[in-house]
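*Asks:* Here it is: the structure, laid out below.
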Amino acid sequence: MAKPLLHNPLLEVLCEHLTDCAICLLNQQGEVINWNTGAARFFGFEPAEVLGMPADILFSQSQLAQALLSTHSRPFYQAEWQLARGGEMVLVKLQLITTNGEGDSYALLGQSLSGGYKPGNASDADSPFLYNESLFRQLIEHSHSGISLFDSRLNFIYRSPSAARITGFKDTQRAVLTVYETVHPEDLAHVKAVLNDLMLFPGQSRQCHFRCQHADGHFIHLDCIFTNWLDEPGIRAIVLNFHDVIETKLSETKLDGMMQELSAYQYALDEAAIVVVTDRFGSITHVNDYFCRISGYSREEVLGMDHQLLIYNHYPKAFLKNIRHNLAMGKIWRGDIRNRAKDKSFYWVTTTIVPFLNPDGKPYRHIAICYDITAGKQAEEELQRLFESVPDIVCTVGTNRRFRWVNPAVRNILGYTEDEFVQKTIDELIHPADREVSRHRMKRFIEAEIDTHSFENRYIKKDGSVINLAWSVRKSPEEGIHFCIARDITEKKQLEELLHKTNELAHIGSWALYPQTGNVFWSDITRELLEVAPDYDMQWHMADIFCGPESLNKINGSIDDVINGGDPFNIEIEVRTGGGKMIWVSILGEGKFDGGVCTQVYGTVQDIDIQKRAQLKLQEQAEELAASGQRYGELFHMNPLPMFVFDADTLAFMDINSAAIKQYGYSREEFLSMTLREIRPAGEVDRLNRAVEERRLHNHLFRPGVFTHLKKNGEAIQVEIVSSALQYHERPARLALVLDVTERNRQVAEIEAQNKKLREISWMQSHIVRAPLSRIMGLVNLLHDTNPNNKEIAEITGYIQLSAKELDQVIQNITDSAFSN
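Under my numbering, the final residue of the sequence shown carries the number 931; numbering is consecutive throughout.
See the structure below:
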């Protein structure tokens, strides 16, 4: 490619876009009349501040007048002057030039001394520039900016040496390419749009950034300025000035990534932690938003404040002195601090204070990073208060069976003070009959791999009485220590005994299965219920004698779940009694574990045949009700038992039958404005809520148990509820059948009370009955064994009649007492 002679207009265009050289044109008076883009950046002035002003203002000290004068007698003037803005020493060249034949003017060139090309060298002093074109050609050819010229078809007609250095292409390689052939495909449309627009506006410039292919094949990033001088005489070209900004791009990308990561770290720290920065004297110089939120202070209020003024003043001076000493030594301090907020409230922070050290190893700044632990501290304080106020015994016990610590509850439960209690061993306090079992249990627990254990035993109180305790024990992380909680269950044990008696009255049997052997225990009531002989020997493999396949699978599955650590179960199955009768029973069961192994599954069994068959009937009715609204009306409203429909979510009554209206005393309108909660005593609302949650697991039939309901007149009745799910008016609802068991429960209670009274009567009167009866039997034996005369017979007969009357009176008294109760 032939290099054309560069005329003045073209030189002006090219020099204008040289951003790494400062080029100023001065008039004969030394005033700035024009300059390029590089000059604005180099001198730090805006064009409006400089144009028309003496060039002296660009420098702090200069001899501009003498320098301009010297250019008339020498090829150029060169010196090092100091910039007015920034104070940097720079290389300055001045040369006399002739511009367009209009008289003398001066070219002022400036470059930094810190590096890069410096126009001219020592030999230039003896070789005057060849006209002003020679000066500008040097600038163009040694610039870090690439310059290329294109014709109207965008073919290359000139490239500066710097353009070849930037792109790597030789002139011969570039001559056969258009500008579009080197543009990255993704940027091509943008470049075409810029150039197509530029072609329409002669004399104007357009900025553009695109990726250009390097001779090695990779792409470089270019910042470009295209100028349309196709119509300008002496130029007739599209002028391209460009810079390789790949390093800048990479640096910017890396810097952006680092700044984003740093910002993310700062954001995470500011969101998670309280940050306070102080100078070496402890005066606050910065706080983040988290500090302001938790302390209630604004930044303006705390800047300059001594950081220690925020610490609650209950700390001893030695504590604060220790902090200052560690920081002065350049050490990091860590600890928990209680601070006071602006509103006088307190908050706890776990704090790390890091000193920033100067080259001499002395701290010049401190940064405190704190985390709010107020909730944790409050929980600790609450836990301590809980230990002190909890009604159960909380203590620690060593594996040597000695108590280490106990809470104040021991005084109320066992009668000992804390000091007295920790002087005792387990063996001194436990009931003698439980002592050996306790020792064996502790030994197995210590050797086992389990961490928790629960059991019950008896302790001797300080006053000598016996108390039942239920223990929960957990191994402590500290070797040889167990953490224990004991609850007084004496009353519970008494209630269990009472429950046992009640079960006998209610005909509730008990059972137990021993998984290791398959042996089964049945109580007398269970044997009676299942119609088997008292000496019947039951084994679990014989269960199919009493259960059909479905019932057998159900109870086997429930027992297997318990053995494998599952929850207790409550199932209803149909069984065949020893007498061949099919009955429904309710079976409850749970497991007993020792060392993590289920050793026993035990529970109760109750005859529910009548209720269950009523439930099944109700279920059939409910299914028919869902299929036919007309049949529902007949079954529901004509049923002699109280029934109602309620919303499964809100518990609001949706329908009520006549029997329920009669039973409770409310009108239909009153019922439909009420919910189930309004017919329950306040104390049973929680139980109702639990039953509601439980019945969500039952799509159809559900019998939650016996509840207390209130009539309109305030009378309380005991009812058993059986309910089934259905859709009612497109709402999930339940149909409930109410069985009034008040009279039945009353009769059971009366029977129990009567039996108790009869036992008391029998106990009190038995010795009174024996006295006259013994005398009668003695007198009869006297008649039999002796041969009394008539007078003695008459006397003995009189005694017999007297004792018989006494016996008759005793029997009469017992009868009267029984009927009076």
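For each residue, glycine too, the CB sits at the ideal point set by N, CA and C. Since the structure is predicted, the reported quantities are computational estimates derived from the model, not experimental observations.
Check whether the region 429–436 and the region 475–491 are in contact - that is, three or more C-beta pairs closer than 8 Å.
*Replies:* The answer is no - the region 475–491 does not touch the region 429–436, with fewer than three Cβ pairs under 8 Å.
*Asks:* Helix, strand or coil: how does DSSP classify residue 606 here?
*Replies:* Reduced to three states, the DSSP call for residue 606 is helix.
*Asks:* Grab the span of the beta strand (DSSP E) containing residue 309 for me, first residue to last.
*Replies:* Not the beta strand (DSSP E): residue 309 falls in the alpha helix (DSSP H), residues 295–309.
*Asks:* Rounding to the nearest angstrom, what Cα-Cα distance links residue 912 and residue 859 in this structure?
*Replies:* Straight-line Cα distance between these residues: approximately 41 Å.
*Asks:* Taking C-alpha atoms, which residue in 523, 733 and 163 lies nearest to residue 143?
*Replies:* Residue 163 is the option with its Cα nearest to residue 143.
*Asks:* In chain order, which continuous runs of the alpha helix (DSSP H) of length 4 or greater are located wholly inside the region 164–207?
*Replies:* With a minimum length of 4 residues, the continuous alpha helix (DSSP H) runs that stay inside the region 164–207 are 174–180.
*Asks:* Whole angstroms is fine: what's the gap from residue 564's alpha carbon to residue 697's?
*Replies:* For residue 564 and residue 697, the distance between alpha carbons rounds to 25 Å.
*Asks:* Can you tell me whether residue 784 is helix, strand or coil according to DSSP?
*Replies:* Residue state, collapsed to three classes: coil.
*Asks:* Given residue 818, which residues of its chain have a CB within under 8 Å of its CB, disregarding the five upstream and five downstream residues?
*Replies:* Closer than 8 Å at Cβ, skipping near neighbours: 790, 791, 794, 826, 827, 828 and 829.
*Asks:* Could you give the DSSP three-state label for residue 286: helix, strand or coil?
*Replies:* In the structure shown, residue 286 sits in coil (DSSP, three-state: anything other than H, G, I, E or B).
*Asks:* Once the 5 residues before and after residue 518 are set aside, which same chain residues still bring their CB inside 7 Å of it?
*Replies:* Closer than 7 Å at the Cβ level, and outside the excluded window around residue 518, lie 498 and 528.
*Asks:* Between the Cα of residue 328 and the Cα atoms of 369, 372, 307 and 278, which residue gives the shortest distance?
*Replies:* Answer by Cα proximity: 278.
*Asks:* If residue 600 and residue 577 are in contact, beta carbons under 8 Å, what's the gap, nearest whole angstrom?
*Replies:* Confirmed, Cβ separation roughly 5 Å.
*Asks:* Whole angstroms is fine: what's the gap from residue 138's alpha carbon to residue 160's?
*Replies:* Those two C-alpha atoms are separated by around 16 Å.
*Asks:* Taking the straight line between their C-alpha atoms, what separation do you get for residue 90 and residue 568?
*Replies:* It is not possible to answer for residue 90, since the shown part of the chain is limited to 111 through 931.
*Asks:* Mind reading off the beta-carbon distance from residue 593 to residue 506? Whole number of angstroms is fine, and I expect it under 8 Å.
*Replies:* That pair is a contact at about 6 Å.
*Asks:* Taking the straight line between their C-alpha atoms, what separation do you get for residue 414 and residue 464?
*Replies:* Straight-line Cα distance between these residues: approximately 19 Å.
*Asks:* From the DSSP output, in three-state form, read off residue 108 for me.
*Replies:* The displayed coordinates of the chain run from 111 to 931. Any statement about residue 108 would go beyond what the structure contains.
*Asks:* What does the Cβ neighbour count give for residue 758, buried or exposed, with the cut at 16 atoms within 10 Å?
*Replies:* Burial call: buried.
*Asks:* So is residue 66 buried or exposed if we call it buried at 16+ other beta carbons inside 10 Å?
*Replies:* There is no way to answer for residue 66, as the model of the chain reaches only from 111 to 931.
*Asks:* Taking all protein chains shown into account, do 16 or more other C-beta atoms lie within 10 angstroms of the C-beta of residue 210, making it buried, or fewer, making it exposed?
*Replies:* In this prediction, residue 210 scores a pLDDT of 46, lower than 50, which makes its location untrustworthy; no coordinate-derived value is stated.
*Asks:* Give every residue of the same chain whose Cβ lies closer than 6 Å to the Cβ of residue 846, excluding the five residues on either side of it in the sequence, and list them in chain order.
*Replies:* Cβ within range, chain order: 754, 831 and 833.
*Asks:* With the cut-off set at 8 Å, would you say residue 761 and residue 787 are in Cβ contact?
*Replies:* Yes. Within cutoff.
*Asks:* Where does residue 648 sit, in a helix, a strand or coil, going by DSSP?
*Replies:* The answer is coil: DSSP assigns residue 648 none of H, G, I, E or B.
*Asks:* Exposed or buried, residue 747, counting other C-beta atoms within 10 Å across all chains shown (16 or more means buried)?
*Replies:* Exposed, since its Cβ has fewer than 16 Cβ neighbours within 10 Å.
*Asks:* If you measure between the beta carbons of residue 477 and residue 461, is that distance less than 8 Å?
*Replies:* For residue 477 and residue 461, no; Cβs fall outside 8 Å.
*Asks:* What separation, rounded to the nearest whole angstrom, lies between the Cα atoms of residue 588 and residue 548?
*Replies:* So the alpha carbons of these two residues sit roughly 22 Å apart.
*Asks:* Assign residue 668 to buried or exposed, taking buried as 16 or more other Cβ atoms, counted over all protein chains shown, within 10 Å of its Cβ.
*Replies:* By the neighbour-count rule (16 or more Cβ atoms within 10 Å), residue 668 is buried.
*Asks:* Alpha carbon to alpha carbon, how far is residue 351 from residue 280? Give it in angstroms, no decimals.
*Replies:* About 18 Å.
*Asks:* When you compare the CB positions of residue 678 and residue 706, do they come within less than 8 Å of one another, or not?
*Replies:* Not in contact: residue 678 and residue 706 (Cβ atoms no closer than 8 Å).
*Asks:* Taking the alpha carbon of residue 401 as the reference point, which residue from 420, 392, 389 and 391 has its own alpha carbon closest?
*Replies:* Measuring from the Cα of residue 401, the nearest candidate turns out to be 420.
*Asks:* Roughly how many whole angstroms lie between the Cα atoms of residue 228 and residue 367?
*Replies:* No answer about residue 228 holds up, because its pLDDT of 38 lies below 50 and its placement is not dependable.
*Asks:* Do residue 639 and residue 630 have their C-beta atoms closer together than 8 Å?
*Replies:* No, they are not a contact pair.
*Asks:* Please confirm if residue 267 has its CB atom under 8 Å from at least one CB of chain D.
*Replies:* This model lacks chain D altogether; it includes just one protein chain.
*Asks:* Pick helix, strand or coil for residue 421, following the three-state DSSP scheme.
*Replies:* Residue state, collapsed to three classes: strand.
*Asks:* Could you tell me whether the Cβ atoms of residue 479 and residue 378 are closer together than 8 Å?
*Replies:* No. Outside cutoff.
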